[in-house]
Amino acid sequence: MRDFAIISDSCCDLDAGLRARFGIDYIPMRIIYGENDIPASLDWEQISSKEFYDLMRRGVRIRTAQINTDEFKEVFSKILSGGKDVMYIACSSALSNSYKSSLPARDEILKEFPESKIYCIDSRNACMGLGMICMTASDLRAEGKSIDETAAWIEEHKQEVNQFATVENLNYLKRAGRVSTTSAVFGGLLQVKPIIISDADGQNAAVEKVKGRKNSMARLADLFKETYRDNPHQRVCVCHADAPEAAEELKALVKERMPDKNIEVITAGIGPIIGATTGPGTLAVYCYGKEMTFRASAAK
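Dropping the structure here:
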């Protein structure tokens, strides 16, 4: 059976330690601010996490750029030339066009390597929801599953990845065009915190509003408990955007709600692509749970 490489993009938020542990690589997207146009490194190579989020606190506009087709072609060709097949697990196509850009690259490169396989998978997730799917793909590969079997498992179970997130300041979502100016102003005055999920289409949707930071964190933990399901590949991920102390507090709340579960809880930083939209102070928890069927588009 032919071995395969697992790659993702800057939205997976897997740091160097996790990528090494699970044998996962990624193709960087790009971030643009002022005169700077740099790779969106998950290891913060050209700008530190603190510097990045401080820029946002000062009101600096940060834009993001997807991976283009030529970049995919270069990476796919290099991996196939090395004797491995390719599994690219992409950020939700509802949030980024990188998945769509990977498809023509796949089709063109497979003409050069007709005996090889390239799977491009729309994860319908981002941040550590995407990261969890990548880690599960690595688990399956380590168990001896083929690239076909691994891809089939992901397609069957990716809607079981649940995200519950909240932001500290609605103004960052306003700048990114995710909420109205009126909502941001009144939300700030009233200390209203949205509870954000990733819906069945892979789109982020605010489904609740909670007053106050502490209450929003408790609500994330409660929603986690409600959706949690045992899964052989279960991991729980708590993520933060330059808010390590709050993340530890959220992690403790999550553990309180699963005292009988001996499950790994991973704490991770939110990388530059997701962070550029949600802003500093964002918190999120991810786990395998109930299948996500809610669609924000149908609820409007």
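If you're matching positions, the sequence shown starts at 4 in the working numbering and goes up one per residue.
For each residue, glycine too, the CB sits at the ideal point set by N, CA and C.
Just so we're clear, the structure is a prediction, and the values are computed from it rather than from any experiment.
Please classify Arg5: does DSSP put it in a helix, a strand, or coil?
-> As a working note, residue 5 is residue 2 in the sequence shown. If DSSP states are grouped into helix, strand and coil, Arg5 belongs with coil.
Going by CA-CA distance only, name the one from Gln49, Asp88, Leu133, Gly85 that's closest to His160.
-> Here residue 160 refers to the residue found at position 157 of the sequence shown. Selected option, being the one with the closest Cα: Leu133.
Between the segment 28-41 and the segment 245-259, do three or more beta carbon pairs fall short of 8 Å?
-> no
Nearest-angstrom Cβ-Cβ length linking Ala154 and Phe297, presumed shorter than 8 Å | The sequence position of residue 154 within the sequence shown is 151, counting from 1. The sequence position of residue 297 within the sequence shown is 294, counting from 1. Wrong, their Cβ atoms sit about 25 Å apart, outside the cutoff.
State the Cα-Cα distance for the pair Pro262 and His243, rounded to the nearest angstrom.
-> What you label residue 262 is simply residue 259 of the sequence shown in a count that begins at 1. What you label residue 243 is simply residue 240 of the sequence shown in a count that begins at 1. One C-alpha to the other measures close to 23 Å.
Take every Cβ of the segment 134-145, pair it with every Cβ of the segment 104-118, and state whether three or more of those distances are shorter than 8 Å.
-> no
Buried or exposed (CB count within 10 angstroms, at least 16 for buried), Asn39 = As a working note, residue 39 is residue 36 in the sequence shown. It is exposed - the Cβ of Asn39 has fewer than 16 other Cβ atoms within 10 Å.
How about Gln206 and Ser300: do their beta carbons lie closer than 9 Å?
-> Locating residue 206 in the sequence shown gives position 203, counting from the first residue. Locating residue 300 in the sequence shown gives position 297, counting from the first residue. Result yes, Cβ atoms of Gln206 and Ser300 sit closer than 9 Å.
Anyone know if the C-beta pair for Ile121 and Ser101 falls short of 9 Å?
-> Position 118 of the sequence shown, counted from the start, is the residue given in the question as residue 121. Position 98 of the sequence shown, counted from the start, is the residue given in the question as residue 101. It is not a contact, given that the beta carbons lie outside the stated cut-off.
By a C-beta neighbour count over all protein chains shown, 10 Å radius and 16 as the cutoff for buried, is Asn128 buried or exposed?
-> Position 125 of the sequence shown, counted from the start, is the residue given in the question as residue 128. Label assigned to Asn128: buried.
Does DSSP put Glu211 in a helix, in a strand, or in coil?
-> Residue mapping note: residue 211 aligns to position 208 of the sequence shown, counting from 1. In the structure shown, Glu211 sits in a strand (DSSP, three-state: E or B).
Relative to the alpha-carbon of Ser84, which residue among Tyr36, Glu294, Asp6 has its alpha-carbon at the smallest distance?
-> Residue 84 sits at position 81 when you count from the first residue of the sequence shown. Checking every option, the nearest Cα to that of Ser84 belongs to Asp6.
Between Ser104 and the rest of its own chain, which residues show a CB-CB distance below 7 Å, the 5 nearest in sequence each way excluded?
-> On the sequence shown, position 101 is the one that residue 104 refers to. Hits under 7 Å: Gln69, Ile70, Asn71, Thr72, Phe75.
Coarse secondary structure for Asn100, derived from DSSP in three states = On the sequence shown, residue 100 is found 97 positions in, with the first residue counted as 1. Here Asn100 sits in coil by DSSP.
Taking the DSSP output, what are the residues bridged to Ala287?
-> By 1-based counting over the sequence shown, the position of residue 287 is 284. Ala168, Cys242, per the DSSP bridge assignment.
With a CB to CB cut of under 7 Å and the five nearest residues on each side skipped, what residues in its chain are close to Ile150?
-> Here residue 150 refers to the residue found at position 147 of the sequence shown. Only Phe7, Asp88, Met90, Lys120, Tyr122 meet the Cβ criterion.
Could you spell out where the alpha helix (DSSP H) holding Pro275 opens and where it closes?
-> Numbered from its first residue, the sequence shown carries residue 275 at position 272. Residues 275-281.
Using 10 angstroms around the beta-carbon of Gln49, count the other beta-carbons present and answer buried if the total reaches 16, otherwise exposed.
-> For this step, residue 49 is matched to residue 46 along the sequence shown. Exposed is the call here.
Measure from the alpha carbon of Val170 to the alpha carbon of each residue in Gly62, Cys290, Lys258, Ala279, then state which is nearest.
-> To locate residue 170, count along the sequence shown from 1; it is residue 167. Ranking Gly62, Cys290, Lys258, Ala279 by Cα distance to Val170 puts Ala279 first.
7 Å Cβ shell around Ala302 - same chain, five flanking residues per side excluded | Position 299 of the sequence shown, counted from the first residue, corresponds to residue 302. Nothing meets the Cβ criterion.
Report the three-state DSSP secondary structure of Gly86 (helix, strand or coil).
-> Locating residue 86 in the sequence shown gives position 83, counting from the first residue. Three-state DSSP puts Gly86 in coil, outside helix and strand.
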